[in-house]
Amino acid sequence: MALQPAPYARQAGQDWLLACADTPAEIRSLWDGDELGPVPAGGHWMVAETSLARTMDALRRIDQPRRGPVLADVTTGITWWLLPPTLGEELNDVGTITVHPRGWVLRCPPVLYPVRGRMWLERPDGTGRFTDPVLLGAALGPGGAPRLPAEASQ
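Numbering follows my numbering, in which position 43 of the sequence shown is assigned residue number 45; successive positions increment by one, without gaps.
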């Protein structure tokens, strides 16, 4: 599989994000004015919210190829993980994360650059790839990510 050059991948991610919006032209106009664009949860993804500190720990525990888009607001210390629209109860027992209902609006910057303190820690890549909610729950849960038994890692 050939890897796409970084600028192409970022543009593909931005095109995908716009395609997920109810009003892509309005969002593009907001972005042109350095404003955040509203994209509702549910149709293309669900949104799980947690702290920036917890997200940074989880990002260390989840291999990069297994991560989906993660948006951060560095001024408030909040992050949002975009998860599959088929999300069920996988994260119900993880007390450090809040899953927002369908229709909840996530105010997004463009993929290509930050706006008003919001930036993509993991950019959408245009493929619709998401973090597996079970993996995210394990990374954010009490013990962190699943670990191999000590004898298996030797």
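Note that the Cβ used here is the ideal one computed from N, Cα and C, for glycine as well. A quick note: this is a predicted structure, and the numbers were derived from the prediction, not measured.
> How would you label Pro103, buried or exposed, when you count the other beta carbons within 10 angstroms and need 16 or more for buried?
Replying inline: Position 101 of the sequence shown holds residue 103. So Pro103 ends up on the exposed side.
>> Taking the alpha-carbon of Cys22 as reference, which of Leu138, Pro116, Leu108 has the nearest alpha-carbon?
In response: Start at 1 with the first residue of the sequence shown, and residue 22 comes out as number 20. Ranking the options by Cα distance to Cys22, first place goes to Leu108.
> Where does Gln156 sit, in a helix, a strand or coil, going by DSSP?
Replying inline: Here residue 156 corresponds to residue number 154 of the sequence shown, with the count starting at 1. At Gln156, the pLDDT of 40 sits below 50, so the modelled position is not reliable; the number obtained from the coordinates is stated separately. Gln156: coil per DSSP, three-state reduction.
> If Arg12 sits next to Leu114, beta carbons under 8 Å apart, how far is it from one beta carbon to the other, in whole angstroms?
Replying inline: By 1-based counting over the sequence shown, the position of residue 12 is 10. By 1-based counting over the sequence shown, the position of residue 114 is 112. With a Cβ gap of about 6 Å, Arg12 and Leu114 count as contacting.
> Thinking just about the alpha-carbon of each residue, which of Val117, Pro126, Ala140, Arg125 is nearest to the one in Gly35?
Replying inline: In the sequence shown, residue 35 corresponds to position 33, counting from 1. Residue Val117 is the option with its Cα nearest to Gly35.
> Taking the runs of the beta strand (DSSP E) that are 3 residues or longer, which of them lie wholly in the segment 100-147?
Replying inline: 100-102, 107-110, 120-124
> What is the rounded straight-line gap between the Cα of Trp33 and the Cα of Leu93?
Replying inline: Taking the sequence shown and counting its residues from 1, one reaches residue 33 at position 31. Taking the sequence shown and counting its residues from 1, one reaches residue 93 at position 91. Each residue's alpha carbon lies about 32 Å from the other.
> Mind pulling the beta strand (DSSP E) runs of 3 or more residues that sit fully within the segment 9-77?
Replying inline: 39-42, 48-53, 72-75
>> According to DSSP, simplified to helix, strand and coil, what is Leu85?
In response: Position 83 of the sequence shown holds residue 85. Correct three-state label for Leu85: strand.
> Do Arg68 and Leu137 have their C-beta atoms closer together than 8 Å?
Replying inline: Counting from 1 along the sequence shown, the entry for residue 68 is found at position 66. Counting from 1 along the sequence shown, the entry for residue 137 is found at position 135. Going by C-beta atoms, Arg68 is nearer than 8 Å to Leu137.
>> Whole angstroms are fine: how far does the CA of Ile80 sit from the CA of Leu54?
In response: On the sequence shown, residue 54 is found 52 positions in, with the first residue counted as 1. On the sequence shown, residue 80 is found 78 positions in, with the first residue counted as 1. Straight-line Cα distance between these residues: approximately 5 Å.
>> Rounding to the nearest angstrom, what Cα-Cα distance links Ile45 and Leu73 in this structure?
In response: Position 43 of the sequence shown holds residue 45. Position 71 of the sequence shown holds residue 73. According to the sequence provided, residue 45 is Gly. The question's Ile does not apply to it. Those two C-alpha atoms are separated by around 18 Å.
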